[in-house]
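A.B. asks:
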Amino acid sequence: MGDLGNSTVEFHPKKPGMDRGGNEGDFGMTVDELCSLMELRGPEALQKIQESYTDTETICHRLKTSPADGLSDNPEDLEKRRQVFGMNFIPPKKPKTFLQLVWEALQDVTLIILEIAAIISLGLSFYQPPGGDSEACSNVSAGAEDEGEAEAGWIEGAAILLSVFCVVLVTAFNDWSKEKQFRGLQSRIEQEQRFAVVRNGTVIQIPVAEMVVGDVAQIKYGDLLPADGVLIQGNDLKIDESSLTGESDHVGKSIDKDPMLLSGTHVMEGSGKMVVTAVGVNSQTGIIFTLLGAGEIEEEKKDCKKGKQDGTLENNQNKAKKQDEAVAMEMQPLKSAEGGEVEEKEKKKTSVPKKEKSVLQGKLTKLAVQIGKAGLVMSAITVIILMLYFVIETFVIQGRVWLTECTPIYVQYFVKFFIIGVTVLVVAVPEGLPLAVTISLAYSVKKMMKDNNLVRHLDACETMGNATAICSDKTGTLTTNRMTVVQIYILDQHFRDIPTPDQINPRTLELVTSAIAVNCAYTSKIIAADKEGGLPKQVGNKTECALLALVMDLKQDYQAVREQIPEEKLYKVYTFNSVRKSMSTVIQMPDGSFRLYSKGASEILLKKCSFILARDGEVRSFKPRDKDEMVKKVIEPMACEGLRTICIAYRELPADPMPAWDNEIDIVSNLTCITVVGIEDPVRPEVPDAIKKCQQAGITVRMVTGDNINTARAIAAKCGIISPGDDFLCIDGKEFNRRIRNEKGEIEQERIDKIWPKLRVLARSSPTDKHTLVKGIIDSTIVEQRQVVAVTGDGTNDGPALKKADVGFAMGIAGTDVAKEASDIILTDDNFSSIVKAVMWGRNVYDSISKFLQFQLTVNVVAVIVAFTGACITQDSPLKAVQMLWVNLIMDTFASLALATEPPTEALLLRKPYGRNNPLISRTMMKNILGHAVFQLIIIFTLLFVGERIFDIDSGRNAPLHSPPSEHYTIIFNTFVLMQLFNEINARKIHGERNVFDGIFSNPIFCSIVLGTFAIQIVIVQFGGKPFSCSPLNMEQWLWCLFVGLAELVWGQVIASVPTHHLKCLKEAGHGPAPHEIMDEDLAEDEDEIDHAERELRRGQILWFRGLNRIQTQMEVVSTFKRSGSFQGAVRRRSSVLSQLHDVTNNSTPSHVVLSTANATGAPGSFVL
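In the numbering used here, each residue's number is its place in the sequence shown (first place is 1) plus 592.
Below is the structure:
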C-alpha cells in the first residue's frame, strides 16, 4: 500500500542557475540521482542503495558528510551545498499587489452601481440640449440657471466618483495591511520551527530553512520532518506518512527494511538519525507544492526518470492535484497541511471547506443578509416613489407634454433619484461589518502576541471568548515543567531527601547510573547554567532530565557512560509511547549476553517486576504481597504529595538462545526493580489565581493527565481545580472507559453525559480518552447551551483532541511539531495564565463587534428613514449622496477602527460566557439602538420641517435641480453627523453601564478618530461648498448643532435609566444559526468525499452516494490502467478512498479490481485484473 500512495512525481523544478554539468561534479551524487532515489520505498529502495552505493555510509561519504560528526560549520561548504542542491525553502506565492486589491475592492456591486450612476450624471450635466433655452424645459428646472450654477451640475457626479475612490482606497489599504500582518505571522511561525542537526560532532538547533543536503539530522518522537532523508541509525522508528500517502497506518522505518524518510511526515514513535538528501523544492513535498504553483519557479521542468512515456507529465499533474486533495483531506485532524509552509496551509484551508463557521461569523452573516434585504427594499421604494411623484407632478398636475429636447433634463432628474436610491442602499448595507471583524481580530492577534498567544487561526481568538470548558494538561501547563527528584526508594529504604553516594551500595550505584544514562534519550541532557548561581539548563524530555540530575546529585557522571556506550551501540530500543507508558533499552554486554534497562510509570512497571534489590544489593523475589505493600507505603504517599513516581528496573538476558526481540511482552517481564523515585513538578505560582478567574468567568477547568490519580488529585487541589466540600469526580482512564462504554464496549453519549458535568480530574488517561472526553462534552445536549471546549496539548498523540476541540492550544516550548500543527493557538510560554488572557481577548473581540453594531445600526436606521421620508415628502433626500457617503465612511471605516480597538479589561472575566446561541444584539442593545434612533429622527424631522423658522433662514425644501446648497440642509447634515459622533461615545458600553467615558483615554485610537472626524466635518461644512452640498454656517448655528449633538450623551443616560426587563416587546437580533442549520459534525467527518449539496441529504442517501463514488473510483482505476498502463495518481479521487482500495474487490460493484502493492519483484503498484 505504501507504493500506491507514494508513486512519486516524476519531474522536478530546475533551480535557477543550476547547470547539470557544473558544481555537482564536486559531490558524488547529483540532484537527479537523489531525486530518483527518494522516489523509491521499502525493498526497492534498499535494493537501489545496495546496487548503486553498497550502504548508507557510502551515501554519506559521497555527500561529503560524516554519519557521526555531521557537516563542518564551514560557511563556504554550506553555501556551495545550497547552490548545488537548493535551499530548504519553498517560495510562497507572491502577495497581491495594491493595484490588484484596489481592483478587487472595485468589484463591490453597490459601488459599481454608484459609479455607473455618477458617470451618467456627469455625462448628462455636460450635455446641452439643442433647444435648451426653450421655455418649457427651463420651467422644469426652475432656478437651475441661477448664478450660472447649471455649469456646476457635474460636481455632484464627480464628488460621488471621488467618494467611491476614497472608499475603494481605504478598503484596499485595509486588505493590504491584513495580508501583510498575515505574512508577518507566517514568517514568525516559520522562524519558530527549528530542528536538531549534528555539526562538528555537536548537536545544535538550527532554523529549518538553514538545513542543507548532507546534514545529519536527529529525529525524535513528535517531529515533523522538514526534508527528505535516508535513515542512518534508528530506534523503533514509526512514521505517519498519511500526509503524502493518505495511508493512516504508521510505517515502521529501519536501516535494513525501509530507510527512506520524507518531508512533511510525522514521527509517531522512536528516534534516530538521518542524512538529508533532498530539501526545499526538490523534496517530495516541495515537488507537490511546486506542481500546485506554490513557488514562482521557472516553468521549465526536468524529467527525473528518463525512461518514462509521454503520458507521465499529465499524470503527474493529476496526481499533484489529487495528492494535494489527499493531503488536505487526510490532514483534517491536523488543521492544515504539512511542511510548515503556512502559505500553502492557508490555500488548503480555503480548499477544504471548514465544517462549521465560527460562531460570530455565522451570526454576522445572517444579520448582514437581513439588513441588506431591508435596505434593498427601502431603496427600491424610495426610487419608485420619487419617480412617480415627479412624473405625476410634471405631466399630470402641471399637464406638461414630454418634449424631445427636454429629455436630457428629465433623465437627469431620474438619474438624481436613482443616485439617492443607491445611496440609501449604500448606507443601509453594513459593509463595515467585515472590516470591523477583521480590524478587531487583527488588532487582538497582534496584542495577544505580547500575551504569549501566537494565534494560528483568526477565528479561534473570538471562539475563545465563548469557551465554557478548558481541558488542560498538567505537566508544563499547570506546573513549571522543571522536574526534580525529591524522594527515592532504593535498597528497601525510603529516603525523603536524596541520599549521599556512601549510603548506597557501589554496585547498585553503578546500576542506577547506567540504567538512567543509557535508557534516557541521548537528546536529553543537563547543561551548566548560563550565569553563575543560576539553575542548570534542562534540554530534552524533562522527566529524563530529572533522572539525569539525580545521577549528578549522586556524584556520578552519566556522560562517561554514554561515551562508553554511544547511541549506535544500543542493541534494541522500545521507545516511550502513550500505550507502553515505559521505555526500555537493550545493550550487549562484553560476554555476549544482553541487559535490558526499563523505566516507566511505577504502578505499570512494578507489575512486570519479579525481583527487587534488597538492602545489601542482592536480588530477592518480589511477590504480589510485597508489591501491594510497596504501593501502599511508598507510591501512594509520594503521589498524595503531588509527586510523579517512576520505577527503574533491569533484566539480564542470555545470548543463547537468542531472545525473540519482537515479542516485547516476554522481553519486558521478570524484571528486577532497582529503585522508585518521586519527581516533583511544582505548580506555577500564577496558576491558582488564573483558575480562580476562569471559574468566576463561568469556565470549568478540567485536568486531563497521564499521571497517577493521587498525584493528579494533589496537584488539582493545589491549583484550585478541586476544593474540599465540592461535588466533583476524580477518576482514571480505566474507570472512565468502564463508565462510558456499554456491554459491547461501545461509547454511549448518555453515559458520558452522566460523568462530564462533575468530572474535574481524569488521570492515567490516553490520548484517545482525551479525545473521547472532548467529543463527549461538545456533542452533549443535556445543557441548554452547546459547550465550547478549549484543550491544551503538547504531545503528538494530542493531535486528534486538539483538532476536535473548538480551540486547541499547543505548547510552544514543550509541544511537538505535530501538536503545533493541529492547534489554533500556540502558547509561547506554555503557561495556563496565558489561556485566561486569550479568554479575555476573545470576549473583547465579541464585545467590540457588538459595540460597532450598536453604533452602526443606529446610523443605518436614521439615515435610511430620513432619506426615505425626505424623498417621499420633499422629493429630495435631506442628506445628499456625497454626504451619505461621508457618513458611511465615518460609521464604517472610522467607527470600526475606533470601536474595534478597545483594549480588554478584567471586568470581562466577571460575567458568564455568551454561549453559541445567544444573539449578537441583546435586548439592552436593541433598546439603545431604537432609543437613540427615535431621538435623532425627532431632531432631524423638526429641523427639516420647521428648521428654517427656528434659525430664520431660507427653506431648502423643494429646491430645483442644480440649485446652490442651502444653509437649512447644511444644518441638518451637520447636526446628523455631530449626533453620530457623540453617539459613538455612547456605543462604547453595551451592557447598560452609565459611565460611557470609563477608560476612554486608554484607547488613543478612539480619541484621535473622534477628534479627527470632528475636524474634517468642520472643513467639509465650511469649505465643502457645492461638491458636499454644504453652505458655510455661522458661530451660532454651529453652537446649536454642537448642543444637539451633546444632548445625545444626556439622552443616553435617560435610556440607561429605563429597565430593559420591562421592555418585553423588544426583540433580540443576530441569533446564531438554528440547530438544524448546523450540520451534525460527525456526519461531516464521514462525508469528506461528498460534496456540499449531497451533505444536506439523509444518511441513507449518503451511503448510496458513497457506493456510487466507490464504483466511479474503480471504473477510473480500470480505465486509466487500460489507457496508459500506469496508474499514477488515478486513484487519488479522495484520500479516504485510498483506504477503501485495500479491499477494492467489493461485491456490490460491477467491476472488480485487485491491487497488488509492490514487493521485491513486482513493479510498484501494478494492477492485477
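Backbone N, C-alpha and C define an ideal beta-carbon position, used for all residues, glycine too. What you are looking at is a predicted structure, and each value in this text was computed from that prediction instead of being measured.
Please report how far the alpha carbon of Ile1521 lies from the alpha carbon of Phe1447, in whole angstroms.
C.D. replies: 7 Å
A.B. asks: What are the start and end residues of the alpha helix (DSSP H) that includes Gln1475?
C.D. replies: Here the alpha helix (DSSP H) through Gln1475 covers Ala1473 to Leu1481.
A.B. asks: Ordered along the chain, which non-local residues of its own chain (more than five positions away) have a Cβ less than 6 Å from that of Gly967?
C.D. replies: Excluding sequence neighbours, Gly967 sits near Leu1017, Ala1020 and Val1021.
A.B. asks: Which of helix, strand or coil does DSSP assign to Phe1460?
C.D. replies: helix
A.B. asks: Assign Thr1069 to one of two classes, buried (16 or more other C-beta atoms within 10 Å of its C-beta) or exposed (fewer than that).
C.D. replies: Answer is buried; the Cβ neighbour count reaches 16.
A.B. asks: Counting only runs that start and end within the stretch 1364-1417, where is the beta strand (DSSP E) found for 3 or more residues in a row?
C.D. replies: 1381-1385 and 1399-1403
A.B. asks: For Leu1625, I'd like the list of residues in its chain whose CB is within less than 7 Å of its CB, leaving aside the five on either flank, ordered along the chain.
C.D. replies: So the list reads Glu1559, Thr1562, Ile1563, Asn1566 and Val1613, once near-sequence residues are dropped.
A.B. asks: If you drop the 5 nearest sequence neighbours on each side, which residues of the same chain put their C-beta closer than 7 Å to that of Glu1136?
C.D. replies: Cys1112, Ala1113 and Ser1116
A.B. asks: Pull the bridge partners of His842 from the DSSP assignment, please.
C.D. replies: Answer is Asp832, bridged to His842.
A.B. asks: If distances are taken between C-alpha atoms only, which option among Asp1065, Leu853, Pro667 and Leu980 comes closest to Lys830?
C.D. replies: Leu853
A.B. asks: What residue from Gly1132, Ile1118, Ala1138 and Ser1170 has the CA that sits closest to Gln1151's CA?
C.D. replies: Ile1118
A.B. asks: Considering just the uninterrupted stretch of the alpha helix (DSSP H) at Met1144, what are its terminal residues?
C.D. replies: Lys1134 to Asp1145
A.B. asks: What do you reckon, are the CB atoms on Trp768 and Leu655 nearer than 9 Å?
C.D. replies: no
A.B. asks: Smallest Cα separation from Met860: which of Thr1388, Asp1051 and Gln1156?
C.D. replies: Taking only the C-alpha atoms, the option nearest Met860 is Thr1388.
A.B. asks: Check for me: the alpha helix (DSSP H) holding Thr1302 runs from which residue to which?
C.D. replies: Per the sequence presented here, residue 1302 reads as Asn, with Thr not at that position. Ile1301 to Cys1311 is the extent of the alpha helix (DSSP H) around Asn1302.
A.B. asks: What is the rounded straight-line gap between the Cα of Lys672 and the Cα of Lys640?
C.D. replies: 27 Å
A.B. asks: If you run the structure through DSSP and keep just helix, strand and coil, what is Pro1781?
C.D. replies: For the chain, the structure presents residues 593 to 1761; residue 1781 sits outside this window and is missing.
A.B. asks: Can you check whether the CB of Ile1482 is closer than 9 Å to the CB of Thr1605?
C.D. replies: Contact check for Thr1605 against Ile1482 passes: the beta carbons are separated by less than 9 Å.
A.B. asks: Beta carbon of Thr1237, beta carbon of Lys1134: below 9 Å?
C.D. replies: no
A.B. asks: Going by DSSP in three states, Val801 sits in which element: helix, strand or coil?
C.D. replies: At residue 801 the sequence reads Ala, which differs from the Val that was named. Correct three-state label for Ala801: helix.
A.B. asks: Strictly by DSSP, which residues pair up with Gln810?
C.D. replies: Note: Gln810 sits in a beta bridge opposite Lys865.
A.B. asks: Ordered along the chain, which non-local residues of its own chain (more than five positions away) have a Cβ less than 7 Å from that of Thr544?
C.D. replies: No answer is possible for residue 544: it lies beyond the span of the chain, which begins at 593 and ends at 1761.
A.B. asks: Lys1129 lies in the beta strand (DSSP E); which residues open and close that run?
C.D. replies: Lys1129 to Val1131
A.B. asks: Using three-state DSSP, classify Gln1148 as helix, strand or coil.
C.D. replies: coil
A.B. asks: Excluding five sequence neighbours on each side, which residues of the same chain lie with their C-beta closer than 6 Å to the C-beta of Leu626?
C.D. replies: Here the set comprises Thr869 and Ala870.
A.B. asks: Identify whether His1524 lies in helix, strand or coil by the three-state DSSP scheme.
C.D. replies: helix
A.B. asks: For Arg1715, does the count of other Cβ atoms within 10 angstroms reach 16, so buried, or fall short, so exposed?
C.D. replies: Low confidence applies here, because Arg1715 scores a pLDDT of 44, under 50, leaving its location unreliable and the question unanswered by this model.
A.B. asks: Is Tyr1242 helix, strand or coil by DSSP?
C.D. replies: strand
A.B. asks: Bridge partners for Ile1080 per DSSP, in chain order?
C.D. replies: Looking at the DSSP assignment, Ile1080 forms a beta bridge with Phe1087 and Val1269.
A.B. asks: DSSP three-state call for Asp647: helix, strand or coil?
C.D. replies: coil
A.B. asks: Checking 9 Å against the spacing of the C-beta atoms, do Ile1301 and Asp1324 come in under that value?
C.D. replies: yes
A.B. asks: Are the stretch 1485-1501 and the stretch 1358-1373 touching by the rule of at least three beta carbon pairs closer than 8 Å?
C.D. replies: With a cut-off of 8 Å, the stretch 1358-1373 and the stretch 1485-1501 do not count as touching, because too few Cβ pairs lie within range.
A.B. asks: Grab the span of the alpha helix (DSSP H) containing Cys1633 for me, first residue to last.
C.D. replies: Membership of Cys1633 in the alpha helix (DSSP H) is indicated by the continuous run Met1627 to Ser1649.
A.B. asks: Leaving out five residues on either side along the sequence, give the residues of the same chain with a beta carbon under 6 Å from the beta carbon of Lys865.
C.D. replies: Val808, Gln810, Ile824 and Gln825.
A.B. asks: For Asp1296 versus Ser1064, is the C-beta spacing smaller than 9 Å?
C.D. replies: Strictly speaking, residue 1296 in this sequence is Val, with Asp absent from that position. For the 9 Å CB-CB criterion, Val1296 and Ser1064 form a contact.
A.B. asks: Counting Cβ pairs closer than 8 Å, one from the stretch 1419-1427 and one from the stretch 1085-1097, do we hit at least three?
C.D. replies: no
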